[in-house]
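*Asks:* Protein chains in written order, with numbering that gives the first Met the number 0: chain A, 0 to 1057; chain B, 0 to 436.
For glycine and all other residues, C-beta sits at the position ideal for the given N, C-alpha and C.
Quick one: the structure is below, and I'll ask about it shortly.
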Amino acid sequence: MAPSVKYWKGEEELVKDPSFIAAQKNEFADDLPLAEVLEESDFELNSSRRDFLKYFGFSVTAVSLAACFKAPVRKAIPYLVKPEEITPGVALYYSSTCGSCTVACGVEVKTREGRPIKIDGSSRSNISQGGLCAVGQAGILSLYDNERLANPLKSGGKAEWAAIDDDVVKGLSGIAAAGGRIVIISNTIHSPSTLKAIADFKTKYPTAEHIQWDAVSYSGILQANKSDFGKAVIPSYNFDKAKVIVSFGADFLGTWISPVEFTKGYVKNRIPQEGQEMSRHIQFESNLSLTGSNADLRFPMKASREGVYLTTLYNYIAQAKGGKQIPAATQGELAGNSIKQTADALLANPGAGLVVSGSNDARLQSIVNGINLLLGNIGTTVDMDNYSKQFQGDDVAMDAAVKDIQDGKISAAIFYGVNPVYSHRDGKKFGEAIGKLKLSVSFASGNDETAKLCGFVCPDNHYLESWGDAEPKVGQYHFIQPVISPVFNTRQAQVSLLTWSVGITAPEKDPLADKQIMNQKFETSPYYTYMQNAWRERMGADGFDAKFNTALHDGVWTAPGVAATVPAYATDLSSFGSYIDALPKDNALDLVLYQKVGMRDGEHANNPWLHEMPDPISKVCWDNYVSLPKSLAEEQGIKLGDTVNITAGGVTYNNVPALVQPGQANGTVGLALGYGRTAAGKVGGSKEKSVDSVGVNAFPMVQNGAQYIVHGVTITKGEDSYTLAQTQTHHTIEGRNHVREASFADWKKNKKAGNDEPKPHMYTVWQTPEYRRQGATNHFWAMAIDLNACTGCGACVVSCSIENNVPIVGRKEIILRREMTWIRIDRYYAFPNDGKVINAEHERYEGKFLTKEKGIAELDAAVGKEKGAAYSHYENVRVVHQPMMCQHCGQAPCETVCPVLATTHSTEGLNQMTYNRCIGTKYCGNNCPYKVRRFNWYRFNNNSNFDYHFNNELGKMVINPDVTVRTRGVMEKCSFCVQKIQEGKLKAKRERRTVKDGEVKTACQRTCPANAIVFGDLNDDQSEISKLYRNERGFFVLEELNVQSSVKYLTKIRNTEA
Amino acid sequence: MTVLHHLSKSLRLAGIILLLGQTSWIYAQDPKAGKEIFDANCASCHGVCNRGAGPALKDVSNRRTEDWLLKWIRNNEQLRKTGDAQALQVFNDNGGSIMPAFAGLSDGDIKSVLAYIKEESPNCDKKKTVVPGADDANKKAESPDATLYILLALIGLFLLVFLLLARVKNTLSRLISEKTPEELQASPWYVRILPGALSRMNPVVLTMFTVSIFGLLGFVWFYDFGMNYIGVQKGYAPDQPINFSHKIHAGDYGIDCKYCHSTADKSKSASIPALNTCMNCHKSVQARDKYEGEISPEIKKIYAALDYDPEKPANEAYGKNPRPVKWVRIHNLPDHAYFNHSQHVNVAGLACQKCHGPVEKMEKVQQWSALTMGWCINCHRETGIDVEHNDYYEKLHEKVKADIAKNGEKSKYKDPNGRVVVTAGMNGGLECSKCHY
């Protein structure tokens, strides 16, 4: 079947908004920003344009030419004593563990001359399995954040460590002696050595308690498993073993528990292969999540009714299995009998299904457990024995502590890795209560909302400066080793805790001392010895040094796993009926609070890369917004650019930007957590520095018991208007046929399904270049992207920006369509073609999608508003993600129009961009059919208007020294990571061998958690890329232009029947 | 410099001839063999002219008898035990450091060594005289005074404008004076001074002619100026914080470049050696003989940088107040040009001198090559790559062989001299993204 589906990127495209049409005609948003350019700090000319031109007279030119003679004197400072392992100019890699969240992915850190510049997933780690998410990638910049605390603080003022230690020890001893309670409030800690340090602390101060609490809680699962199976743990979910995946609002590919690990498992069964069934993914949700966008079948649901649907699903299955049903009077069914179908699919695959729920309601999680148990999934796809330790937060204990602090029942509190004043729903009251404490200490690395109120701030090291270990899953240990000595006068939190309790001493014999390295700079942390001793107990003293060093080198150490079993089930679900019946039935709006793939819980709000990365679904950068369903927007007359006033859970925010989000379930709205920081810094917002917060803080709207679904919210249209920095319709390809998809059923019949359009006859005036001929002696670098694997998570976008020194431009410039990212992920929506069908019972609608011929007006008309199912076609959009970067065309349109030959073709198939030749005509950008060329409107480095990392000495440490930092007025674009190609080739040449397949990996490919991107040499017949190029699903975007692109996409196959 | 070099050579020769004539016992010995023995056994502690761990040996035959020297060298400890006054004094003068015994050396060997020392001794003074000449290269390398050129060009331009204006003024005044053209027949002064052919030309054509000549010259100058002077630092030889002499190290002592620039064959950067590389030798080599028993001031700078106390035992770690040496970078490529030493040194097997010039002769290092893009490209056009001994080029090599077998003399892999060669340029070495990314 030829795809005739109409794809669109945003509503403005769909309804042919005049501003969209106008923008579409211009590759570049605006004329040269001459006024601003002249205002840049390096261009000090306070004069009119006419004066400015006068300056360009001959005399100035002559004098400036003469000035060229004075080349600056540059210094070269070699090591005094060169560390043995460092070769200047050659990267050195260390294994470590990502500390950006508590998931603890194993990583490889790339360092150059002793400074870390890139983090990638480690293939030795069972968690990251070689991939890494956007947050993990961006973590490197937190190290070089010049707003981190440079010194410990006492009552807000700079202090010495020794003085603080004295005060804290005195305070703690006094409190403990008087029997006062001391609490350590931390996020989840699964590091065995840190837990030991806390235990030591508790031994010294017997009144101390340790409370673990996470800003975004999973306590529902913990509680359910405690009551059902007697084990308060989060199980390991084996998505790779699941043939049917059913998710109720769990965004497991984006934010839920361990997304990288889950993505790795998920994609294993998502690539259609001969003789192998694809897994089927069914998603029920309110907000359109990243996971929902990848589902084969997605059913919009009202979040507050989730319990009803789960109960119905349970009852269908229980009925089939002959089990006891939940006696609920309310049963629910969704459009297209979807619950029944889901039950059938699950029943057809006993032991190979997986049902998960994003709800934090323990009772719903118990029903989920019941479903999985009935289906025999526990012990196969749900592993309760090799369980996860990544989230152990206890909301009940935390709520009690918050109350006790308010009541003055607690005397001292130590905050470690948490920022409750910001991220607890009672944060404000809590903040006021901190003053009542006799002693308050924060280990925050920045002066955040909580730290500001604490008596002492003892800044923790960044994880790249620390020793440590982690146990993300039981028996799977990960190690953290420092790759740089502390940038600031900070101290590892564990060292602080131990200094105040048992005391901690530097290693007796510094392992670096006898290497004649000047010991005042290279002190080994005392925590190293502490950790080593803890590990000596675990590993055994026999041959310990070798074992320990191997573990550090690998970054992981695994104790033998145990076979998954089926634990005894202890819950009687029949008592749940009344609870389910009590769920709200009225039509009031639901608010679903969710995490964004980039911002998560807001801990990294000062990291500009995470703001600049467009949200995978809405493509909004630098903002938080209320996402509305089309029906509500129509009802209230809310359009793009409007704001809304939202009241939820007693909290009201006025004039919050609104976004009409296709896929948003009717009767629900969404708002992301993690925004609205007031003490994050110059990027995320800071009251102190008069920097506006990015977005509003949704944490106060969280309901009691850490429930993220708020029923009965009110939305009214706001007075203000607001422009969101949304990249969705930038670089649009004008409705051409650039994404292709087909159903699995069709694919089984025809391997070219969705991709079998007759090829147009091609004419060319160009000769076939040497590298494209048979028996070519040189490389032919090419890429393949599997649309079936790509989830659209955006890790590649951040990874690419780090590797290639891509500047951050900020909200204002993105609105002007001047974002600089070299790789973007185009997200396309498609409508089902008939609104009526969707609502009819017992009918399926998938596969029948709006065609190009059938207009939107016709569809809107077909939808009966009176049926109370207004705009259900908007609810049911289908989504395709397509990464787009320079296609390195063999007959590139950009090359032929460059007047100065700044962009040319290499003999290895690369489209080369030569910055030093470019004079900035932008002709190439105009002529590029893929819209992947980016123009440097400003000099983004050393420019106070773009005060991100390129603008300060510390931030510049992250710059990749092998890639030019571009200046104003030149074009840039994806280079296929040519620096990595050259490095790989050179390594092979030095070793007198050919380049091995897989040796050269582009930055996007390296980090991809879904293995969607493959790069290699097409002239190597055995290479992975050559095999993919022979795959019948392959197509080139805009093949009809005969530009001979070097990036092949593989048709998306959805596991649907029609 | 070369003249001086030759002169020193001839002087050395003259010295040898003189020596040969003077002393009879040396005649039987071979100073050449002596040098080999000296280098193998003695040079680690003694220099002929310079002090090492032991004293300098210049004119030692004049200070001691040959017999005493034979005994001392073969086993100085035994000699000291006999209570020999001279031996004890030598021992005490050198801080009681023990010189090992060389029982394995025959009389003939030792005599050869002494012959070598005798032959080398007169050269010590001459070596010093050579040093100042090394600065010549730097003077030559200084940049021309561009401002002067520009001012001259400006003056020329203004002169032209002035002439034109004068012409216009004349025409105008002629119109005003209402004189008949005949009355104005008398040529203006500047026509009168021109040679015959030019003076008969139409003044407009003449002006245009002159302007275009000047313009052309100006353009040529401007082009040359832009291409070869702006940003080109050929000959740049700044003063360095330590007056390190490549001539002494790489030239006189023949230390391999990669001993110090050890990363040249594995990294993009050849790297300036860390100071502990210097200390491998300079813990003991202190050139005291040149500075009246004091440590050379330049070597002292190394010690100061490392906060090292030379009086301490040699295996002690460095001090706690190091001051890294801020060398002045000589070879500055722009940020947008990527260069990798290992590609050229390791893969291509180029000698360092190919780009850096005769560093081993430079007292003070200067930028030898222009480091312009044209310079790079020319070399890539002309230089062959070894496709035979590197499996990376396996496919290319096969293709070259097949091509030559097929096309013989007409093969495209031959240079104008008929040599079969694949140049870097033929293999993509002229492409932008090989160096710019």
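Quick check: Y87/A and S268/B, are their CB atoms within less than 8 Å of each other?
*Replies:* First, the residue type needs correcting, since residue 87/A is Pro and not Tyr in the sequence shown. Yes; because the gap between Cβ atoms is below 8 Å, this pair is in contact.
*Asks:* Expressed to the nearest angstrom, what Euclidean distance is found between the alpha-carbon atoms of N368/A and A177/A?
*Replies:* The alpha-carbon atoms of N368/A and A177/A are separated by roughly 46 Å.
*Asks:* If you reduce the DSSP assignment to three classes, tell me which class D16/A lands in.
*Replies:* Three-state DSSP puts D16/A in coil, outside helix and strand.
*Asks:* Assign G103/B to one of two classes, buried (16 or more other C-beta atoms within 10 Å of its C-beta) or exposed (fewer than that).
*Replies:* Counting Cβ neighbours within 10 Å, G103/B comes out exposed, since fewer than 16 surround it.
*Asks:* Looking at chain B, is there any beta carbon in it that lies within less than 8 Å of the beta carbon of R989/A?
*Replies:* Yes, R989/A lies at the interface with chain B (some Cβ there is under 8 Å from its Cβ).
*Asks:* Looking at C-alpha atoms only, which residue of G774/A, G597/A, V693/A is the closest neighbour of C792/A?
*Replies:* Considering only alpha carbons, the answer is G597/A.
*Asks:* Three or more C-beta pairs closer than 8 Å, one from the region 279-289 of chain A and one from the region 389-408 of chain A: is that the case here?
*Replies:* Not touching, per the Cβ criterion.
*Asks:* When the distance is taken between beta carbons, is L658/A closer than 8 Å to S617/A?
*Replies:* Cβ atoms of S617/A and L658/A: closer than 8 Å.
*Asks:* For I370/A, which residues of its own chain have a beta-carbon under 7 Å away from its beta-carbon, when the five flanking residues on both sides are left out?
*Replies:* Correct list, in chain order: L312, Y313, I316, V354.
*Asks:* Can you check which of these residues, E11/A, A679/A, C917/A, is closest to F934/A by C-alpha distance?
*Replies:* Out of E11/A, A679/A, C917/A, C917/A has the C-alpha closest to the C-alpha of F934/A.
*Asks:* List, in order along the chain, the chain B residues whose C-beta lies closer than 8 Å to that of V964/A?
*Replies:* The answer, in chain order, is D334.
*Asks:* Which whole-angstrom value describes the C-beta separation of A664/A and K240/A, a residue pair presumed to lie in contact below a C-beta threshold of 8 Å?
*Replies:* A664/A to K240/A, Cβ: 30 Å. No contact.
*Asks:* Which of the three DSSP states is assigned to D134/B in this structure?
*Replies:* Any reading at D134/B must be qualified, since the residue scores a pLDDT of 40, below 50, and its modelled position is unreliable; the value itself is stated next. Three-state DSSP puts D134/B in a helix.
*Asks:* If you draw a straight line from the alpha carbon of Y421/A to that of P205/A, how long is it in whole angstroms?
*Replies:* If you take the alpha carbons of Y421/A and P205/A, they lie about 29 Å apart.
*Asks:* Going by DSSP in three states, E1059/A sits in which element: helix, strand or coil?
*Replies:* There is no way to answer for residue 1059/A, as the model of chain A reaches only from 0 to 1057.
*Asks:* Just to make sure I have the definition right: I need the residues of chain B whose C-beta is within less than 8 Å of the C-beta of D978/A. Which are they?
*Replies:* It is worth fixing the name first, because residue 978/A is Gln in this sequence and not Asp. Ordered by position in chain B, the residues that pass the 8 Å Cβ test against Q978/A are Y337, Y436.
*Asks:* Using a C-beta cutoff of 8 Å, does R439/B count as contacting chain A?
*Replies:* There is no way to answer for residue 439/B, as the model of chain B reaches only from 0 to 436.
*Asks:* Applying a beta-carbon distance threshold of less than 8 Å, which residues of chain A neighbour G348/B?
*Replies:* Going along chain A, no residue has its Cβ under 8 Å from G348/B, so there is no contact; the nearest lies around 11 Å.
*Asks:* Among residues of its own chain, excluding the 5 on either side of D513/A, which ones have a beta-carbon nearer than 6 Å to its beta-carbon?
*Replies:* For D513/A, the pLDDT reaches just 48, beneath the cut-off of 50, and the residue's location in the model is therefore unreliable, leaving the point undetermined.
*Asks:* Taking the alpha-carbon of E118/B as reference, which of V327/B, G33/B, K405/B, G250/B has the nearest alpha-carbon?
*Replies:* Considering only alpha carbons, the answer is G33/B.
*Asks:* Less than 8 Å separating the beta-carbons of L723/A and D622/A?
*Replies:* For L723/A and D622/A, yes; Cβs fall inside 8 Å.
*Asks:* Quick check on P309/B - is its C-beta less than 8 Å from some C-beta in chain A?
*Replies:* Chain A contact via Cβ: absent.
*Asks:* Write down every uninterrupted run of the beta strand (DSSP E) in the region 775-836 of chain A whose length is 3 residues or greater and which is fully enclosed by it, in chain order.
*Replies:* Here the runs fully enclosed are 780-785, 823-829.
*Asks:* Please name the residue, chosen from G179/A, G542/A, G502/A, G539/A, that lies closest to Y529/A on a Cα-to-Cα basis.
*Replies:* For the residues G179/A, G542/A, G502/A, G539/A, the minimum Cα distance to Y529/A belongs to G502/A.
*Asks:* Please state if the CB of G352/A and the CB of V1059/A are separated by a distance shorter than 8 Å.
*Replies:* Since the first and last residues shown for chain A are 0 and 1057, residue 1059/A lies out of range.
*Asks:* Taking only beta-carbon positions, decide if G53/B is within less than 8 Å of chain A.
*Replies:* By this cut-off, G53/B is not an interface position.
*Asks:* By the 8 Å beta-carbon criterion, what residues does the region 299-316 of chain A contribute toward chain B?
*Replies:* Against chain B - using a Cβ distance shorter than 8 Å - the region 299-316 of chain A contributes no residues.
*Asks:* Starting from G173/A, follow the alpha helix (DSSP H) in both directions and report where the run begins and ends.
*Replies:* It spans 160-176 - the alpha helix (DSSP H) in which G173/A sits, taken as one unbroken run.
*Asks:* Would you please verify whether the beta carbon of T903/A is less than 8 Å from any beta carbon of chain B?
*Replies:* Yes, T903/A counts as interfacial toward chain B.
*Asks:* Which residue comes first and which comes last in the beta strand (DSSP E) that contains N653/A?
*Replies:* Residues 650-659.
*Asks:* Please return the same chain residues whose Cβ sits closer than 6 Å to the Cβ of M782/A, not counting the five positions on each side in sequence.
*Replies:* Same-chain partners within the cutoff: F1014, V1046.
*Asks:* State the DSSP-derived secondary structure class of P309/B, mapped to helix, strand or coil.
*Replies:* Three-state DSSP puts P309/B in coil, outside helix and strand.
*Asks:* Nearest-angstrom Cα distance between G155/A and S185/A?
*Replies:* Distance between the alpha carbons of G155/A and S185/A is about 21 Å.
*Asks:* Taking Y391/B as the query, report the chain A residues whose CB atoms sit under 8 Å from its CB, ordered along the chain.
*Replies:* Result: K984, A987, K988, R991, R992, T993, V994.
*Asks:* Please name the residue in S465/A, A697/A, V668/A, G291/A whose C-alpha comes closest to that of T677/A.
*Replies:* The shortest Cα separation from T677/A among S465/A, A697/A, V668/A, G291/A belongs to A697/A.
*Asks:* Go through its chain and collect everything with a Cβ distance to A901/A's Cβ below 6 Å, but skip five positions before and after it.
*Replies:* Taken in chain order, the residues that qualify are T913, R916, C917.
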